[in-house]
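Enquirer: Here the protein sequences line up with chains A and B, keeping their order.
Just so we're aligned, residue 0 is where the first sequence starts under numbering that gives the first Met the number 0, counting upward by one.
Just so we're aligned, residue 0 is where the second sequence starts under numbering that gives the first Met the number 0, counting upward by one.
In this text, a Cβ means the ideal position worked out from N, Cα and C, and glycines have one as well.
This structure is a prediction, so every number in the text was calculated from the model and none was measured.
Below: one structure in structure tokens.
There are 2 protein chains.
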Amino acid sequence: MTPQRERILGAVRELGHATPEQISDAVSGVDLTTVYRTLELLEELGLVRHAHLGHGAPSYRPSEDQHIHLVCHVCGAVVDASPELINSLEEQLRSERGFVLDRSHFTVFGRCHACVEQSVAAAD
Amino acid sequence: MTPQRERILGAVRELGHATPEQISDAVSGVDLTTVYRTLELLEELGLVRHAHLGHGAPSYRPSEDQHIHLVCHVCGAVVDASPELINSLEEQLRSERGFVLDRSHFTVFGRCHACVEQSVAAAD
DNA sequence: ATAGCTGCAAACGGTTTGCCTCACA
DNA sequence: TGTGAGGCAAACCGTTTGCAGCTAT
């Protein structure tokens, strides 16, 4: 563990959900390349996880955060949800298909409550 | 509907799961830019849908294809699955959160049967 | 004439690569 | 003294933008 690696891991823990760019900003003086290489390493070590929360850069977080993500297509809001919501899906995929679902990478896209309300109102 | 647009829609229907690049290859003479612009248009019209099946380019398909996708992190295999698998998840998110899930954009990542077997075997 | 579609080239964001230097076992 | 980590610059992939020319009203 080099100083750079410690700082990058620290930044991921502090920021919660962060893109490589945001992490790089948080650890000034460390090159963006090093951020990428270190995130890859930390992920192999099981210390961080990433998920794709939209069309842009992936979002990294400490692996202790176990929640799954709901992302609104319309406003872009990201909401955390309980991983238990997918227990039965997980079980079905495993028993019927032998497919082992990766919870940490699980993202559901759709429209959030506020944006659904708004489109209903607009239809009047 | 211009000739280019007809050909692009035709290619999506023929290819099933295709990236913009693959579609572009299939309709030679049509610029890649036009492919992007047309896919956006066709998606607004509800004729095609896209989903993200890995780290690269998105995959477009005709909107008649209703299945959801299982993607293996290890070997990259993409398997179609029944949309009914997520009925209860969909219902829970709507009733508990007011969140309306977008099935067409739904992808589950994990490890497929073959890759799970292999890693179990390797552990011996 | 006008609006809209197309193609080309350039810019763009995010990521990876090659290479050279440095620190440290 | 050799292995690996970091920095820098350039290449890279996928995508978007600006602009000019064409086509069909």
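Using the beta-carbon of each residue, which ones in chain A are nearer than 7 Å to G55(B)?
Expert: On the second sequence, position 56 is the one that residue 55(B) refers to. By Cβ distance, chain A contributes nothing, its closest Cβ being about 12 Å from G55(B), past 7 Å.
Enquirer: Quick check: is the beta carbon of V115(A) nearer than 8 Å to any beta carbon in chain B?
Expert: Your numbering for residue 115(A) matches position 116 in the first sequence. It does; some Cβ of chain B falls within 8 Å.
Enquirer: Cβ of D101(A) less than 8 Å from any chain B Cβ?
Expert: Here residue 101(A) refers to the residue found at position 102 of the first sequence. Taking Cβ atoms only, chain B reaches closer than 8 Å to D101(A), which makes this a yes.
Enquirer: Counting beta carbon pairs with one atom in the region 40-49 of chain B and one in the region 2-13 of chain B, are three or more of them shorter than 8 Å?
Expert: The answer is yes - the region 40-49 of chain B touches the region 2-13 of chain B, with three or more Cβ pairs under 8 Å.
Enquirer: Pick out whichever of H66(A), A120(A), V29(A), S94(A) has its Cα sitting closest to the Cα of V115(B).
Expert: The residue given as residue 115(B) occupies position 116 in the second sequence. When only C-alpha atoms are compared, the closest one is S94(A).
Enquirer: Taking the beta carbon of A122(B) as the centre, do at least 16 other beta carbons fall within 10 Å, making it buried, or is it exposed?
Expert: Working through the second sequence from its first residue, we reach residue 122(B) at position 123. A122(B) comes out exposed.
Enquirer: Okay, do the region 12-23 of chain A and the region 56-65 of chain A touch, 3+ Cβ pairs below 8 Å being the bar?
Expert: Yes, since at least three Cβ pairs between the region 12-23 of chain A and the region 56-65 of chain A fall closer than 8 Å, the two stretches touch.
Enquirer: Rounding to the nearest angstrom, what Cα-Cα distance links A25(B) and G28(A) in this structure?
Expert: Sequence index remark: in the second sequence, residue 25(B) carries index 26 (1-based). Sequence index remark: in the first sequence, residue 28(A) carries index 29 (1-based). Rounded to the nearest angstrom, the two C-alpha atoms are 46 Å apart.
Enquirer: Assuming P19(B) and A56(B) are in contact, meaning their beta carbons sit under 8 Å apart, how far apart are those beta carbons, in whole angstroms?
Expert: As a working note, residue 19(B) is residue 20 in the second sequence. As a working note, residue 56(B) is residue 57 in the second sequence. Right, their Cβ atoms sit about 6 Å apart.
Enquirer: For the candidate residues V34(B), C111(B), N86(B), V78(B), whose alpha-carbon lies nearest to that of R102(B)?
Expert: The residue you call residue 102(B) lines up with position 103 of the second sequence. Considering only alpha carbons, the answer is N86(B).
Enquirer: When you compare each of L100(A), R110(A), R96(A), I22(A) to G75(A) by their alpha carbons, which one comes out closest?
Expert: Your numbering for residue 75(A) matches position 76 in the first sequence. Taking only the C-alpha atoms, the option nearest G75(A) is R110(A).
Enquirer: Would you mind listing the alpha helix (DSSP H) stretches within the region 45-108 of chain A that are 4+ residues and don't spill past its ends, in chain order?
Expert: For the region 45-108 of chain A, whole alpha helix (DSSP H) runs of length 4 or above, ordered along the chain, are 86-96.
Enquirer: Excluding five sequence neighbours on each side, which residues of the same chain lie with their C-beta closer than 7 Å to the C-beta of F108(A)?
Expert: Taking the first sequence and counting its residues from 1, the one referred to as residue 108(A) is at position 109. Excluding sequence neighbours, F108(A) sits near V70, H72.
Enquirer: Any idea if Q91(A) is buried or exposed, counting beta-carbon neighbours within 10 angstroms, 16 or more meaning buried?
Expert: What you label residue 91(A) is simply residue 92 of the first sequence in a count that begins at 1. Q91(A) should be labelled buried.
Enquirer: State the start and end residues of the unbroken alpha helix (DSSP H) segment that holds A120(A).
Expert: Looking up residue 120(A) in the first sequence gives position 121. Here the alpha helix (DSSP H) through A120(A) covers 112-121.
Enquirer: Looking only at its own chain, which residues have a Cβ that is under 8 Å from the Cβ of L52(B), when we skip the five neighbours before and after it?
Expert: What you label residue 52(B) is simply residue 53 of the second sequence in a count that begins at 1. Correct list, in chain order: H16, S58, H68, V70, V77, T106.
Enquirer: So A25(A) is in the alpha helix (DSSP H); what residue range does that whole segment cover?
Expert: For the purposes of this step, residue 25(A) is taken as the residue at position 26 of the first sequence. Here the alpha helix (DSSP H) through A25(A) covers 19-25.
Enquirer: Straight-line CA distance for Y35(B) to R4(B)?
Expert: Locating residue 35(B) in the second sequence gives position 36, where the first residue counts as 1. Locating residue 4(B) in the second sequence gives position 5, where the first residue counts as 1. Cα to Cα, the separation comes out at about 11 Å.
Enquirer: Hey, how far is the Cα of G45(B) from the Cα of M0(A)?
Expert: For the purposes of this step, residue 45(B) is taken as the residue at position 46 of the second sequence. For the purposes of this step, residue 0(A) is taken as the residue at position 1 of the first sequence. G45(B) and M0(A): Cα-Cα distance of roughly 51 Å.
Enquirer: Helix, strand or coil for G9(A), going by three-state DSSP, please let me know.
Expert: As a first step, residue 9(A) must be located in the first sequence, where it is residue number 10. In the structure shown, G9(A) sits in a helix (DSSP, three-state: H, G or I).
Enquirer: With C-beta atoms as the reference, is L100(B) less than 8 Å away from E89(B)?
Expert: To locate residue 100(B), count along the second sequence from 1; it is residue 101. To locate residue 89(B), count along the second sequence from 1; it is residue 90. Yes, Cβ-Cβ distance for L100(B) and E89(B) is below 8 Å.
Enquirer: Where S23(B) and S81(B) are concerned, what is the direct C-alpha to C-alpha distance, given to the nearest angstrom?
Expert: Stepping through the second sequence from its first residue, residue 23(B) is reached at position 24. Stepping through the second sequence from its first residue, residue 81(B) is reached at position 82. Cα-Cα distance, rounded: 29 Å.
Enquirer: Would R36(A) pass as an interface residue toward chain B - the criterion being a Cβ-Cβ separation below 8 Å?
Expert: By one-based count along the first sequence, residue 36(A) stands at place 37. Closer than 8 Å: no.
Enquirer: Excluding five sequence neighbours on each side, which residues of the same chain lie with their C-beta closer than 6 Å to the C-beta of T37(B)?
Expert: Here residue 37(B) refers to the residue found at position 38 when the second sequence is read from its first residue. If we look at T37(B) and ignore the five residues flanking it on each side, its Cβ neighbours are R4, I7.
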